Amino acid sequence: MIGITTSINTRDYETPGQAVVMLPRNYPEAIRRAGGTPILIPEGEVDDSLLGSLDGIVISGGRDISPELYGEEAHERTGDVRLEQDASELTLLRGALERDLPLLAVCRGHQLYCVDNGGRLHQHLPETPGFEQHGATGGEWSEHEVHIEEGSKLASIVGTRILGNSGHHQGVADAGDLQVVGRTEDGLIEAVEDPGKKFCISVQWHPEMIGQHEIFDALIEAARS
Amino acid sequence: MGSTRSSTRSSRLREVKIPIAPAAGVANDGTRPVIGVTCCVREASYANWTMNSAILPSTYTTAITRAGGTPVIIPPSEDPSPLLDSIDGLVIAGGPDLDPATLGQNPDPNTVEFYPEQDASEINLLEGALERDKPMLCVCRGMQLLAVLHGGNLHQHLDSTPGHEGHGGYGGVVTEHRVIAKEGSRIATLMGMQITANSTHHQGVADAGSLTVTALAEHDGLIEAVERNDLRFCLGVQWHPERIGHDVLYSALVQAARG
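In the order they appear, the protein sequences are chains B and A. The first sequence runs 0 to 224 under numbering that gives the first Met the number 0. The second sequence runs 0 to 258 under numbering that gives the first Met the number 0.
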């Protein structure tokens, strides 16, 4: 069973202005396609009974993480942060890593994982020197090539060149203690790993949206072993 | 440098309070049963885009947490029943109408939004849970599905069903009415024999099949609660206990799941 994190948003659903737990469906579908059983994890307490029932986790994309976590004031374009979600996901992330559960971190998850390992973020790429043209933001998507480090776990799964989709306005400026294994042409950190773990891969793009099944296949294979 | 960063983030995180605590009196001895809850799939909006998404009101997950359980959400799939081996209890949540074809009926003009895929997923899940005697609470649509699986049937639109016109709110309108529970039933044991329930459904159970009917709406006799006494915990309610503080039902589910 693979746990996937979710987001709480306020939406008109069943009743107006209701707090709802949400997750794009392509995450559970990608897990299922790879032979795993997806389960969605709502924000809240994370304890041993939950961690004990999981064989792997995906920290999904979503809202910006709180800049306080990397000791910065919020940029004017950093909005809609939710410290409770950050805390809940960090508890899950750390608990999973302690147990050496396979981990895939995506987009927001990638940023959170890097920050938790001592890294920090560019809060708004369109205004960050050198990254102004990184990719689409504001609901648009673009594509760019990511160069993957030879010899890395990720390269063994997808090769040394892969197309990543881009719809994010923040990016990893510093991956802390993690090993950077993928960058775009402009040098942005797009993929990191912890080679000391069984399976610990973190990517800025969204493999679940663009049919990069091999990444999910590898996650499930690691979760089985 | 590393230690500065480390102290910055850990000191900040120590201040972070997750705003969901177990209800007073709930023992947190590390045995929080994992409770799966079903959800719907809809087009849903995010900050800048819309995506086909799993979606569930957080009232369910917070009610399970308050009751001492650990909630996880089960997205619809062809057959989610294998994951029943990894969870301790189940909530079939409210949601859209059942497909009239699932009921063996033609659609009423007011039955316009239904999802055969979600029905099929929840039927497999529910059948698997019944086979395994997993404790379950079936809410609104969930109770209707439970009744159908036990050979029952539904009124597709209460407002055009003789005797049930004006049963309660629907279409976003929520009303309240009194429900009378049968003495000695599980629902009466948990909530007493007179219950104030919320009402926000336009369909209702016409026939509960082989289930035991244990509560009726006072004003029109509509079936409001069903049970199976041969299982550890199998309770269906037509109303939404998670929205109105009927936490005792979720606590009873979690307690049964712990057993």
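The beta carbon of each residue, even a glycine, is placed where N, CA and C say it ideally should be. Just so we're clear, the structure is a prediction, and the values are computed from it rather than from any experiment.
Checklist entry - Cβ of G34(B) within 7 Å of Cβ of I219(B)? => result Between G34(B) and I219(B), the gap from beta carbon to beta carbon is short of 7 Å.
Item to check | Buried or exposed (CB count within 10 angstroms, at least 16 for buried), K162(B) | outcome: In the sequence as displayed, the identity of residue 162(B) is Leu instead of Lys. Exposed is the call here.
Item to check | Supposed close pair G35(A), L89(A) - CB separation, criterion 8 Å | outcome: The distance from the Cβ of G35(A) to that of L89(A) is about 5 Å, consistent with a contact at the 8 Å cut-off.
Checklist entry - In terms of alpha-carbon separation, which member of R227(A), T110(A) and L136(A) lies closest to G203(A)? => result T110(A)
Next on the checklist: For a quick check, are the C-beta atoms of S155(B) and V180(B) less than 7 Å apart?
Outcome noted: no
Checklist entry - Is the distance from the Cβ of T4(B) to the Cβ of E97(B) below 7 Å? => result Inclusion of T4(B) and E97(B) in the CB contact set at 7 Å is not warranted, their separation being larger than that value.
Next on the checklist: Could you compute how far the alpha carbon of I54(A) sits from the alpha carbon of C39(A)?
Outcome noted: 5 Å
Next on the checklist: Between the alpha carbons of P21(A) and N105(A), how many angstroms are there, rounded?
Outcome noted: Caution applies to P21(A), whose pLDDT of 40 falls short of 50 and renders its modelled position unreliable; the model cannot decide the point.
Checklist entry - Who are the neighbours of I73(A) on chain B, taking C-beta pairs under 7 Å? => result I38
Checklist entry - Can the beta-carbon of I58(B) be found less than 7 Å from the beta-carbon of A86(B)? => result no
Next on the checklist: Taking the beta carbon of T36(B) as the centre, do at least 16 other beta carbons fall within 10 Å, making it buried, or is it exposed?
Outcome noted: buried
Item to check | Closer than 8 Å at the beta carbon, the chain A residues around Y12(B) | outcome: R41, A43, I54 and P56
Checklist entry - Can you name the start and end residues of the alpha helix (DSSP H) that N25(B) belongs to? => result Segment N25 to R32, the alpha helix (DSSP H) holding N25(B).
Next on the checklist: Given this structure, state the Cα-to-Cα distance separating G220(A) from G94(A), to the nearest angstrom.
Outcome noted: 23 Å
Next on the checklist: Taking the straight line between their C-alpha atoms, what separation do you get for I147(B) and T69(A)?
Outcome noted: 38 Å
Item to check | Within-7 Å CB hit, V33(A) to chain B | outcome: yes
Item to check | Any C-beta of chain A under 7 Å from that of C107(B) | outcome: The amino acid occupying residue 107(B) in the given sequence is Arg; Cys does not appear at that position. With 7 Å as the cut-off, R107(B) does not count as an interface residue toward chain A.
Checklist entry - Do we get a CB-CB distance below 7 Å when we pair I219(B) with the residues of chain A? => result no
Checklist entry - Within the 7 Å Cβ cut-off, does V19(B) reach chain A? => result yes
Checklist entry - For F130(B), which three-state DSSP category applies? => result coil
Checklist entry - Using a Cβ cut-off of 7 Å, which residues of the region 43-56 of chain B contact any Cβ in chain A, in chain order? => result G43, E44, D46, D47, S48, L49 and S52
Next on the checklist: Taking 8 Å as the limit between beta carbons, can you name the residues of its chain near V157(B), skipping five residues before and five after?
Outcome noted: I147, Q211, E213 and I214
Next on the checklist: Quick check on P27(B) - is its C-beta less than 7 Å from some C-beta in chain A?
Outcome noted: yes
Item to check | Range covered by the alpha helix (DSSP H) that runs through T90(B) | outcome: L82 to E97
Checklist entry - CA-CA distance, I91(A) and G175(B)? => result In this structure, the alpha-carbon of I91(A) lies about 43 Å from that of G175(B).
Checklist entry - Looking at chain A, which residues of the region 134-149 of chain B have a Cβ within less than 9 Å of any of its Cβ atoms? => result Taking 9 Å as the upper bound on Cβ-Cβ separation, chain A lies near residues T136, G137, G138, E139 and W140 of the region 134-149 of chain B.
Checklist entry - P161(A) and D87(A) look like a contact to me (Cβ under 8 Å); what is the Cβ gap, rounded to whole Å? => result The Cβ separation is near 43 Å, so there is no contact.
Item to check | chain A within 7 Å of P41(B), Cβ atoms only | outcome: For P41(B), a Cβ of chain A is located within less than 7 Å of the residue's own Cβ.
Checklist entry - Are any of the Cβ atoms in chain B nearer than 7 Å to that of M50(A)? => result yes
Checklist entry - Between which two residues does the alpha helix (DSSP H) containing V111(A) stretch? => result First-last for V111(A): undefined, no H or E at that position.
Checklist entry - In three-state terms, what does DSSP make of A227(A)? => result The amino acid occupying residue 227(A) in the given sequence is Arg; Ala does not appear at that position. Three-state result, R227(A): coil.
Checklist entry - Are the region 142-157 of chain A and the region 243-250 of chain A touching by the rule of at least three beta carbon pairs closer than 8 Å? => result no
Checklist entry - Would you call P74(A) buried or exposed, if buried means 16 or more other Cβ atoms sit within 10 Å of its Cβ? => result buried
Checklist entry - Enumerated in chain order, which unbroken segments of the alpha helix (DSSP H) with a length of 4 residues or greater are wholly contained in the region 46-94 of chain A? => result 57-65
Next on the checklist: Give me the chain A residues within the contact set of R81(B), using Cβ-Cβ distance strictly less than 7 Å, ordered along the chain.
Outcome noted: Result: empty, since nearest Cβ-Cβ is about 11 Å, beyond 7 Å.
Next on the checklist: At the 7 Å Cβ level, is I7(B) part of the contact set with chain A, yes or no?
Outcome noted: yes
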